[in-house]
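Here the sequence shown is numbered in this note's numbering, starting from 19 and rising by one per residue. Let me begin by presenting the structure, written as structure tokens, before commenting on it.
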Amino acid sequence: MSIEEKEMLDNAGAIILKYKNVPGGMEIIKETMNNLYKYFKGVIPEATFSDKRLLEIFKLERLLEDKFLPLDSEPIFDQSNPVVFPDVIETEEDCEMAVSYIVYKTREQLNDKNNIKSATLDKMCVTSSIMVSEVCDSLGVKHTDFSCDNDLSRGLFHCFNVVSFDLPSGEVKMYLVDCTYRQFFTYDECFTERIGIPLNEGANIGSFMMMDEARKRTAEGLLTKGYMEFNPQNIKDYFDGFVYSGRNGLFYEELDKPTIGKSDYEPSYTYMDYLDALKSGGLKHEPFIGRQFSVLKHPVTFGSAIDDVKSNKNVY
């Protein structure tokens with residue numbers, strides 16, 4: 019690492035600490051980090067953890083792990099007003115009350131050691147999923163537990179649960195429960211220009227969900243309530259985020275475009291593709307998901323795409 023590069027990294031750290039809690043400061047941080055990403059993508063010759071420059075970049079990103087993205091993400095949780103499990107489950111409203119109770123009991127346990135109103139609950143998804151399972155078992159509620167990598171194969175990228183209720187009408191209502199989804203909605207790893215840095219994957223799920231107003235609303239519902247109906251649109255939105263977050267720079271280099279835009283980030287899978295992947299061990303045609311263990315051969319500009327959403331313009 020040269021003296022100039024060390025100064026560049028130190029300056030970026032100082033800017034993050036100075037501006038991350040200042041109105042409008044995130045735009046300054048975004049510009050600083052994007053310039054840093056672009057520079058180091060041009061000079062780092064290989065993907066190796068022995069390159070201290072890569073480690074310093076990762077440390078800079080961690081400085082933003084306690085800064086939540088600007089959407090409604092605070093969990094609904096009030097211990098003075100506990101949720102009650104319904105006596106019978108015969109209607110959709112009963113199902114909503116039942117799954118709200120499951121989330122409440124899970125958040126109650128998580129809150130014992132974390133203030134869930136302010137905590138990201140990073141790396142707590144395994145614990146949370148187990149809690150959901152235990153609450154469901156105690157109630158006799160049907161549930162399936164998932165632990166997936168970004169390509170929906172079995173792994174530890176993220177864990178979540180799907181609970182289901184059989185109604186007297188014959189209808190089955192299903193809900194995805196995810197009480198630690200908020201960990202993906204901080205400014206840590208949110209800038210799309212980070213894609214292509216050796217050893218990186220994609221940007222975080224939050225940056226993807228905020229590229230589109232409908233997806234943003236889906237995310238806000240899951241973040242605040244801790245659950246969402248397991249329906250086709252929600253399934254696609256949720257797992258599109260997994261794929262986007264996992265795709266590294268080599269995927270986008272294969273597109274042979276100098277600049278990556280909003281549509282390039284959006285996976286083309288259907289909700290049925292995702293359900294099949296969950297059953298069959300993952301998506302079959304995603305060779306560039308995971309850490310990028312080489313460098314890009316050609317310069318690629320990763321547009322933020324968030325600027326396409328008028329109400330969120332300049333958020334990143």
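We put the CB at the ideal spot given by N, CA and C, even for glycine. Because the structure is a prediction, the values reported are computed rather than measured.
Check, Outcome
"Can you pull the DSSP bridge partners for Ser182?", "Lys160, Met192"
"What residue range does the alpha helix (DSSP H) around Glu247 cover?", "Element bounds for Glu247: not the alpha helix (DSSP H) but the beta strand (DSSP E), 245–247."
"Would you check if there are 3 or more beta carbon pairs closer than 8 angstroms linking the stretch 126–139 to the stretch 185–202?", "yes"
"By DSSP's criteria, His176 is part of a beta bridge. Which residues make up the other side?", "Cys166"
"With a 10 Å radius around its C-beta and 16 neighbouring C-beta atoms as the bar for buried, classify Pro93 as buried or exposed.", "buried"
"Less than 8 angstroms between the CB atoms is what I'm expecting for Glu320 and Glu211, so what's the real figure, rounded?", "Note that residue 320 corresponds to Phe in the displayed sequence, not to Glu. So it is a contact: roughly 5 angstroms between Cβ atoms."
"Looking at Phe178: is its Cβ nearer than 8 angstroms to the Cβ of Val190?", "no"
"Leaving out five residues before and five after Asp326 in sequence, what residues of the same chain have Cβ atoms less than 6 angstroms from its Cβ?", "Confidence in Asp326 is poor, its pLDDT being 40 and thus under 50, which makes the residue's placement unreliable; the coordinate value appears in the next sentence. The residues are Lys280."
"Relative to the alpha-carbon of Gly220, which residue among Ile21, Glu74, Phe306 has its alpha-carbon at the smallest distance?", "Phe306"
"For Asn218, is the classification buried or exposed, using 16 other Cβ atoms within 10 angstroms of its Cβ as the cut-off for buried?", "buried"
"Bridge partners of Phe260, per DSSP?", "According to DSSP, Phe260 bridges with nothing at all."
"Which residue marks the beginning of the alpha helix (DSSP H) containing Val61, and which one marks its end?", "43–61"
"Run the proximity test for Asp255: is its beta-carbon closer than 7 angstroms to any non-hydrogen atom belonging to the ligand NAP?", "Annotation note on the ligand NAP: not contained in the displayed structure, which lists no ligands."
"Quick one, which of Leu170, Val117, Cys166, Arg172 has its alpha-carbon nearest Asp155's?", "Val117"
"Using C-beta distances below 8 angstroms, list every residue in its chain close to Tyr270, excluding the 5 sequence neighbours before and after it, in chain order.", "Ile213, Gly214, Ile278, Asp282, Val318, Phe320"
"In its own chain, which residues sit with a C-beta less than 8 angstroms from the C-beta of Leu35, not counting the 5 before and 5 after it?", "Leu81"
"Let me know the secondary structure DSSP gives Ile278 once reduced to three states.", "strand"
"Pick helix, strand or coil for Glu23, following the three-state DSSP scheme.", "helix"
"Counting C-beta neighbours from all protein chains within 10 Å, is the total for Ala295 16 or more, i.e. buried, or is it exposed?", "buried"
"Using a Cβ-Cβ cut-off of 6 angstroms (strictly less than) and excluding sequence neighbours within five positions of Phe260, which residues of its own chain qualify?", "Asn168"
"Under a three-way DSSP split, which group does Arg309 fall into?", "coil"
"Would Val40 be called buried (16 or more neighbouring beta carbons within 10 Å of its own) or exposed?", "exposed"
"So what does Thr204 bridge to, in DSSP terms?", "Phe86"
"Please report the straight-line C-alpha distance between Tyr205 and Glu83, rounded to a whole angstrom.", "6 angstroms"
"Just to confirm my understanding: we take Ala237, look at its own chain, exclude 5 residues before and 5 after, and list those with CB closer than 6 angstroms. What are they?", "Met227"
"Taking 8 angstroms as the cut-off, does the stretch 88–104 touch the stretch 232–251 (at least 3 CB pairs, one atom from each stretch)?", "yes"
"Starting from Ser136, trace the alpha helix (DSSP H) both ways and give me its first and last residue.", "Taken as a continuous stretch (DSSP letters only), Ser136 belongs to no alpha helix (DSSP H), as it is neither H nor E."
"Determine the burial state of Lys328: buried for a count of at least 16 other Cβ atoms within 10 Å of its Cβ, exposed for fewer.", "Note that Lys328 has pLDDT 39, beneath the 50 cutoff, so the model's placement of it is unreliable and no number is given."
"Which word fits Leu174, buried or exposed, when buried means at least 16 other C-beta atoms lie within 10 angstroms of its C-beta?", "exposed"
"Looking only at C-alpha atoms, which of Phe311, Tyr292, Tyr119 sits nearest to Val102?", "Tyr119"
"Specify the secondary structure class of Thr66 as computed by DSSP and reduced to three states.", "coil"
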